[in-house]
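Working notes, structure below.
In this note's numbering, the protein residues as written are 14 to 125.
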């Protein structure tokens with residue numbers, strides 16, 4: 014995906030995303046993050062970093078998010094497994110492009 018982009022810059026961004034760490038307190042997890050949602054952690058004119066959380070009793074954890082054509086999306090699951098599917102919108106709705114990719118984070122119970 015995105016062979017037109019500078020590969021060295023993409024690798025540098027990937028390494029920076031991989032190096033991100035979230036420091037928090039039990040109060041933060043028990044309060045704001047317990048209900049779930051999307052929290053913008055930081056950003057700039059052409060980028061942002063968003064933390065998505067779900068409540069323990071969420072009935073679904075599916076997200077459909079659209080990005081501008083040519084965007085690069087870096088996902089870093091903190092816990093559990095994320096399945097990523099690139100889709101193209103057409104007359105008949107969304108059509109999968111390529112195989113699904115599974116990303117694995119830490120095991121449940123980490124840090125707690």
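Every residue gets a Cβ at the ideal spot worked out from N, C-alpha and C, and that includes glycine.
- DSSP, read as helix, strand or coil, puts residue 104 in coil.
- By alpha-carbon distance to residue 74, the top candidate from 43, 92, 109 is 92.
- Look at residue 24 here: in three-state DSSP terms it is helix.
- Across the set 72, 30, 39, 111, the C-alpha of 30 shows the shortest separation from the C-alpha of residue 55.
- Residue pairing from DSSP places residue 117 in a beta bridge opposite 94.
- Between the beta-carbon of residue 97 and that of residue 113 there is about 7 Å, and that keeps the pair under the 8 Å contact cut.
- Between residue 110 and residue 88, the alpha-carbon positions lie close to 18 Å from each other.
- Within the stretch 61-86, the runs of beta strand (DSSP E) that reach at least 3 residues and sit entirely inside it are, in chain order, 61-67.
- The continuous beta strand (DSSP E) containing residue 51 extends over residues 49-56.
- Within the same chain, Cβ atoms closer than 6 Å to the Cβ of residue 107 are found at 100, the five residues on either side in sequence being excluded.
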